[in-house]
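Visitor: Supplied in structure tokens, the structure appears directly below.
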Amino acid sequence: MRYAFAYGADAVYAGLPRYSLRVRNNAFDGATLGSAVTEAHAEGKRFYLAANILSRGSKLKSFIADLEPIVAMAPDALIMADPGLIMLVRKRWPDQAIHLSVQANTTNSAAVRFWAAQGISRVILSRELSLDEVAEIRDTCPDVELEVFVHGALCIAYSGRCLLSGYFNHRDANQGACTNACRWDYRVASTASTEPLAAASDPAMDATGGMSGEITGATRHPAADEVYLLEERERPGSYLPIFEDEEGTYILNSRDLRAVEHVARLVSIGIDSLKIEGRTKSHYYVARTAQVYRAAIDDALAGRAFRSALLTDLEGLANRGYTEGFYRRHAPSELQNYDDGASRNQRQIFVGEVTGSRDGWVDVTVKNRFAVGDELELLTPAGNHRFRLESMRSVDDAELQLAPGDGWRVRIPVPPGVPSTPERHALLTRALHRVLNPDLNPSRDSCSAI
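Take 5 as the starting number for the sequence shown in the numbering used here and just add one per residue.
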């Protein structure tokens, strides 16, 4: 939260553990939530609290009682999806602001007007909408606040309503217990046969990595040209038949959403809030995305042209490849390359967090390996500074050539052009030239990004 605010976010959203889709790795218990809301408001920022499960009946009995102390903390809004829970909150706290979660799958202006009539002050639109569809809803519903996602992980489901985790692990994604089953290691095979697929006792991998042989239980769908068969690495011999029709196929892993190139259009449409998905991400991820999208918003408001360097900045984050989702159905054939915003040797890795400075040296808590001679970048809320590391010391001022990795604490000189006391919330990253081009430095081990 603190890094998000320092690098340009106007608001954050967090999950109420028992009643949100943000159960995993969630440190926002009751006491922490109270201090977080107070701190956010002291900085003039907003704090939204997600209570967006699609509830089972067993949770209805305790919902209002559990929410009593939470609402007393005065979050700026509750993010909700379940109509029954919304009704309960509206009845108990009629003045509490409620934002409709993307889980509600709102895809048209009539649905927006319906929810506004129920007292919803902001609707978070479905991720499946195009820019033109978003603009149409804005024009038709000028008095309702609208929010859209612009960056982060995408579910292989309709705005997050996924059944895979519940099917495989009996951990329901709609109850906040998602195991990210869509991102497991699957092998894929296909067949063009029009006959039902018969059994094969020992299917073998073919030369292309697919599964040869016939698999039990996959009958062709009449609209499909091919049937695809999936085998998950930890479940050998268990095959999932899927098919692809004119709408696509819905079980395979997605790239991450990145829509920074569309911020100017969204600003011109009049969208009230742009949303970044940052669940279980590092504070480096939070800082970098907040900084980039803040810059894109400021550029759009000032009438400045989009800067492709913002794409490069986002390439440095851990990602599964990027997509602009459904915002554009067909990318134009313009000269600008928005699909691949940076060459591979420009990527970066989060290597350290600045914890203080003295006597012209910066104290760094190491997160990943870096060494003297590396190209580094110091990220601060006021701006970023690239430099080559010329020297390094241990905390007791012994000369060092290498910071091996997590758990180390080192000191580096204050980079040129940086104030003698770098700002709070400063972070350090390293260019990945040597990792992705090992011939430049064959003796160095590679590191993977967080």
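Cβ atoms here follow ideal geometry from the backbone N, Cα and C, with glycine treated the same way.
Could you check which residue in Ala85, Tyr190 and Ala402 has the C-alpha nearest to that of Tyr243?
Guide: Start at 1 with the first residue of the sequence shown, and residue 243 comes out as number 239. Of Ala85, Tyr190 and Ala402, the residue nearest in Cα terms is Tyr190.
Visitor: Can you check whether the C-beta of Val271 is within less than 9 Å of a C-beta belonging to chain B?
Guide: Note that chain B does not occur in the displayed structure, where there is just one protein chain.
Visitor: With Leu150 and Ile275 assumed to form a contact (beta carbons below 8 Å), what rounded beta-carbon distance in angstroms separates them?
Guide: Reading the sequence shown from its first residue, position 146 is the one you call residue 150. Reading the sequence shown from its first residue, position 271 is the one you call residue 275. About 5 Å; that satisfies the 8 Å criterion.
Visitor: State the Cα-Cα distance for the pair Asp400 and Arg332, rounded to the nearest angstrom.
Guide: Counting from 1 along the sequence shown, the entry for residue 400 is found at position 396. Counting from 1 along the sequence shown, the entry for residue 332 is found at position 328. Cα-Cα distance, rounded: 55 Å.
Visitor: Could you check whether Arg373 and Val355 sit closer than 9 Å to each other, using their CB atoms as the reference points?
Guide: Within the sequence shown, numbered from 1, the residue matching residue 355 stands at position 351. Within the sequence shown, numbered from 1, the residue matching residue 373 stands at position 369. Yes. Within cutoff.
Visitor: Considering only the beta carbon of each residue, do Gln100 and Val75 sit closer than 9 Å?
Guide: If you number the sequence shown from 1, residue 100 lands on position 96. If you number the sequence shown from 1, residue 75 lands on position 71. Result yes, Cβ atoms of Gln100 and Val75 sit closer than 9 Å.
Visitor: Can you say whether Gly19 is buried or exposed, counting buried as having 16 or more other CB atoms within 10 angstroms of its CB?
Guide: Walking along the sequence shown from the start, residue 19 turns up at place 15. Buried, since its Cβ has 16 or more Cβ neighbours within 10 Å.
Visitor: Do His389 and the ligand GTP come close, with the Cβ less than 8 Å from some heavy atom?
Guide: For the structure depicted, the ligand GTP is absent and the ligand set is empty, with no information on it obtainable.
Visitor: Please list the terminal residues of the continuous alpha helix (DSSP H) segment that includes Pro87.
Guide: Indexing the sequence shown from 1 puts residue 87 at position 83. That run of the alpha helix (DSSP H) goes Pro87 to Arg96.
Visitor: Check whether the region 121-135 and the region 100-112 are in contact - that is, three or more C-beta pairs closer than 8 Å.
Guide: Yes, the region 121-135 touches the region 100-112.
Visitor: Assign Thr212 to one of two classes, buried (16 or more other C-beta atoms within 10 Å of its C-beta) or exposed (fewer than that).
Guide: Locating residue 212 in the sequence shown gives position 208, where the first residue counts as 1. Only weak support exists for where Thr212 lies, its pLDDT of 32 falling under 50; the coordinates are left without a value.
Visitor: Going by beta carbon distance, what residues of the same chain come within less than 7 Å of Gly34, once the five residues before and after it are set aside?
Guide: As a working note, residue 34 is residue 30 in the sequence shown. So the qualifying residues of the chain are Pro73.
Visitor: Could you tell me which residues DSSP pairs with Thr369 in its beta bridges?
Guide: Residue 369 sits at position 365 when you count from the first residue of the sequence shown. Answer by DSSP bridge pairing, in chain order: Glu357 and Arg413.
Visitor: Leaving out five residues before and five after Gly38 in sequence, what residues of the same chain have Cβ atoms less than 7 Å from its Cβ?
Guide: Here the question's residue 38 lines up with position 34 in the sequence shown. Excluding positions up to five away in sequence, the list reads Met77.
Visitor: Which whole-angstrom value describes the C-beta separation of Tyr289 and Leu321, a residue pair presumed to lie in contact below a C-beta threshold of 8 Å?
Guide: Working through the sequence shown from its first residue, we reach residue 289 at position 285. Working through the sequence shown from its first residue, we reach residue 321 at position 317. Contact holds; Cβ gap of about 6 Å.
Visitor: Out of Ala407, Leu278 and Ala185, state which residue places its alpha-carbon closest to the alpha-carbon of Ala161.
Guide: Counting from 1 along the sequence shown, the entry for residue 161 is found at position 157. Among Ala407, Leu278 and Ala185, the Cα nearest to that of Ala161 belongs to Ala185.
Visitor: Provide the residue(s) that pair with Tyr17 in DSSP beta bridges, ordered along the chain.
Guide: As a first step, residue 17 must be located in the sequence shown, where it is residue number 13. Tyr17 is bridged to Tyr52.
Visitor: Put Gln352 into one of helix, strand or coil per three-state DSSP.
Guide: In the sequence shown, counting from the first residue as 1, residue 352 sits at position 348. DSSP places Gln352 in strand when its eight states are reduced to three.
Visitor: Measuring straight from C-alpha to C-alpha, what distance separates Pro423 and Asn388?
Guide: Taking the first residue of the sequence shown as position 1, residue 423 is located at position 419. Taking the first residue of the sequence shown as position 1, residue 388 is located at position 384. Going from the Cα of Pro423 to the Cα of Asn388 covers about 12 Å.
Visitor: Determine whether the beta carbon atoms of Val16 and Ala46 lie at a separation below 9 Å.
Guide: Numbered from its first residue, the sequence shown carries residue 16 at position 12. Numbered from its first residue, the sequence shown carries residue 46 at position 42. No, Cβ-Cβ distance for Val16 and Ala46 is not below 9 Å.
Visitor: Which residues does DSSP pair with Gly156 in a beta bridge?
Guide: By one-based count along the sequence shown, residue 156 stands at place 152. Gly156 is bridged to Leu261.
Visitor: Between which two residues does the alpha helix (DSSP H) holding Thr384 run?
Guide: Within the sequence shown, residue 384 is the residue found at index 380, counting from 1. First-last for Thr384: Glu379 to Thr384, but that is the beta strand (DSSP E), not the alpha helix (DSSP H).
Visitor: Could you pull out every residue in the same chain whose Cβ sits closer than 6 Å to the Cβ of Met209, ignoring the five residues on either side in sequence?
Guide: Taking the sequence shown and counting its residues from 1, the one referred to as residue 209 is at position 205. Confidence is the limiting factor: at Met209 the pLDDT is only 31, short of 50, which leaves the residue's position unreliable and the question unanswerable from this model.
Visitor: Report all residues from its chain with a CB closer than 7 Å to the CB of Thr384; omit the five preceding and five following residues, and keep chain order.
Guide: Within the sequence shown, residue 384 is the residue found at index 380, counting from 1. Cβ neighbours of Thr384 beyond the five flanking positions: Pro426, Glu427 and Ala430.
Visitor: Which residue marks the beginning of the alpha helix (DSSP H) containing Thr144, and which one marks its end?
Guide: Here residue 144 is taken as the residue at index 140 of the sequence shown, counted from 1. It spans Leu135 to Thr144 - the alpha helix (DSSP H) in which Thr144 sits, taken as one unbroken run.
Visitor: Name the two residues that bound the continuous alpha helix (DSSP H) containing Phe391.
Guide: Residue numbering aside, residue 391 sits at position 387 when the sequence shown is read from its first letter. First-last for Phe391: Gly387 to Arg392, but that is the beta strand (DSSP E), not the alpha helix (DSSP H).
Visitor: With a Cβ-Cβ cutoff of 9 Å, do Glu403 and Arg390 count as a contact?
Guide: Taking the sequence shown and counting its residues from 1, the one referred to as residue 403 is at position 399. Taking the sequence shown and counting its residues from 1, the one referred to as residue 390 is at position 386. Not in contact: Glu403 and Arg390 (Cβ atoms no closer than 9 Å).
Visitor: Report the three-state DSSP secondary structure of Leu71 (helix, strand or coil).
Guide: Position 67 of the sequence shown, counted from the first residue, corresponds to residue 71. Leu71 falls in the helix class under three-state DSSP.
Visitor: Find the nearest neighbour of Arg324 within the set Leu82, Ala114, Met91 and His155, judged by alpha-carbon distance.
Guide: Translated into positions along the sequence shown, residue 324 becomes position 320. Comparing Cα positions, the closest option is His155.
Visitor: Mind checking who Lys279 pairs with in its DSSP beta bridge?
Guide: Here residue 279 corresponds to residue number 275 of the sequence shown, with the count starting at 1. Lys279 pairs with Phe153.
Visitor: Report the rounded CA-to-CA distance for Gly241 versus Arg131, giving the unit in angstroms.
Guide: By 1-based counting over the sequence shown, the position of residue 241 is 237. By 1-based counting over the sequence shown, the position of residue 131 is 127. Computed Cα separation, rounded: 34 Å.
Visitor: Does the count of Cβ pairs from the region 54-61 and the region 85-97 closer than 8 Å reach three?
Guide: Segments in contact, yes.
Visitor: Applying the 10 Å Cβ sphere with the 16-neighbour rule, what's the burial state of Asp317?
Guide: Reading the sequence shown from its first residue, position 313 is the one you call residue 317. Counting Cβ neighbours within 10 Å, Asp317 comes out buried, since at least 16 surround it.
Visitor: Can you tell me whether Leu382 is buried or exposed? The criterion is at least 16 other CB atoms within 10 Å of its CB, across all chains shown.
Guide: As a working note, residue 382 is residue 378 in the sequence shown. It counts as buried.
Visitor: With a CB to CB cut of under 6 Å and the five nearest residues on each side skipped, what residues in its chain are close to Lys279?
Guide: As a first step, residue 279 must be located in the sequence shown, where it is residue number 275. So the qualifying residues of the chain are Glu151 and Phe153.
Visitor: How big is the Cα-Cα spacing for Lys285 and Met91?
Guide: Looking up residue 285 in the sequence shown gives position 281. Looking up residue 91 in the sequence shown gives position 87. In a straight line, the C-alpha of Lys285 is about 33 Å away from that of Met91.
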